[in-house]
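K.L.:
One structure follows; several queries about it will come next.
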Amino acid sequence: MKILKFIFLLTVVVMFSCLINIYANNILPNDEQYTVVVDKAPTPVGGFESLMRKVTYPEVAMKMRVEGKVYLLVYVNESGDVDEVKVVKGIGGGCDEAAANAVKKTKFTPGMNGGVAVKTKVSIPVIFKLN
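Written out as structure tokens, the structure is:
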């Protein structure tokens, strides 16, 4: 009986470590090339207001009265272009996709480190609020 419990626990541990490894490798290839701490963080050209104007409130979310913040991890390259967007915490109703699409359409000022433009990861909240 103890051997069966041991084998079961070992199987769970192995499966869990495989899932973590799969998840970690799917975040973004070459993720380590993107800096988190920089002298000047990337910002949307025209300000966050210009980014919010690109967000389309999904009809499904409006009907379901979905409100809240979608937290995104945005990968900005040295040119200020968005390479990738990952939803860190979503609210559903199509809002996650709408937020990611708006960010993908946005040009950023690149992150700066020592006066040099660098690839940067930045967290951006996108707020969905019904009037």
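So the sequence shown is numbered by the numbering used here: it starts at 127 and just counts up by one. Quick reminder that beta carbons are idealized off the backbone N, C-alpha and C, glycines included.
(1) Under 9 Å, do residue 164 and residue 241 count as touching if we go by C-beta distance?
(2) Report the residue from 220, 230, 249 whose alpha carbon sits nearest the alpha carbon of residue 187.
(3) Give the range of the alpha helix (DSSP H) segment to which residue 220 is assigned.
(4) Go ahead and pull the three-state DSSP assignment for residue 207.
(5) Touch check for the segment 175-182 and the segment 197-207: three-plus C-beta pairs under 8 Å?
(6) Please name the residue in 203, 222, 182, 181 whose C-alpha comes closest to that of residue 234.
(7) Go through its chain and collect everything with a Cβ distance to residue 170's Cβ below 7 Å, but skip five positions before and after it.
(8) Considering only the beta carbon of each residue, do residue 212 and residue 199 sit closer than 9 Å?
(9) By Cβ distance below 7 Å, which residues in the same chain neighbour residue 182 in space, the five residues on each side in sequence not counted?
(10) Can you list, in chain order, the residues of its chain with a C-beta nearer than 7 Å to that of residue 147? Leave out the 5 residues immediately preceding and following it.
(11) Name the two residues that bound the continuous alpha helix (DSSP H) containing residue 187.
P.N.:
The answer reads as follows:
(1) Walking along the sequence shown from the start, residue 164 turns up at place 38. Walking along the sequence shown from the start, residue 241 turns up at place 115. Cβ atoms of residue 164 and residue 241: not closer than 9 Å.
(2) Counted from its first residue, the sequence shown places residue 187 at position 61. In this structure, 220 is the residue among 220, 230, 249 with its C-alpha nearest to the C-alpha of residue 187.
(3) Position 94 of the sequence shown, counted from the first residue, corresponds to residue 220. Where residue 220 is concerned, there is no enclosing alpha helix (DSSP H), given that its DSSP letter is neither H nor E.
(4) Residue mapping note: residue 207 aligns to position 81 of the sequence shown, counting from 1. The answer is coil: DSSP assigns residue 207 none of H, G, I, E or B.
(5) no
(6) As a position in the sequence shown, residue 234 is number 108, starting the count at 1. Ranking the options by Cα distance to residue 234, first place goes to 203.
(7) To locate residue 170, count along the sequence shown from 1; it is residue 44. Closer than 7 Å at the Cβ level, and outside the excluded window around residue 170, lie 176, 177, 232, 234.
(8) Within the sequence shown, the letter at position 86 stands for residue 212. Within the sequence shown, the letter at position 73 stands for residue 199. Yes, the pair counts as a contact, with Cβ atoms nearer than the cut-off.
(9) Within the sequence shown, the letter at position 56 stands for residue 182. Contacts found: 224.
(10) On the sequence shown, position 21 is the one that residue 147 refers to. Because the pLDDT at residue 147 is just 43, under 50, the model does not fix this residue reliably, and the value given afterwards should be weighed accordingly. Answer for residue 147: no residue qualifies.
(11) Taking the sequence shown and counting its residues from 1, the one referred to as residue 187 is at position 61. First-last of the alpha helix (DSSP H) with residue 187: 185-189.
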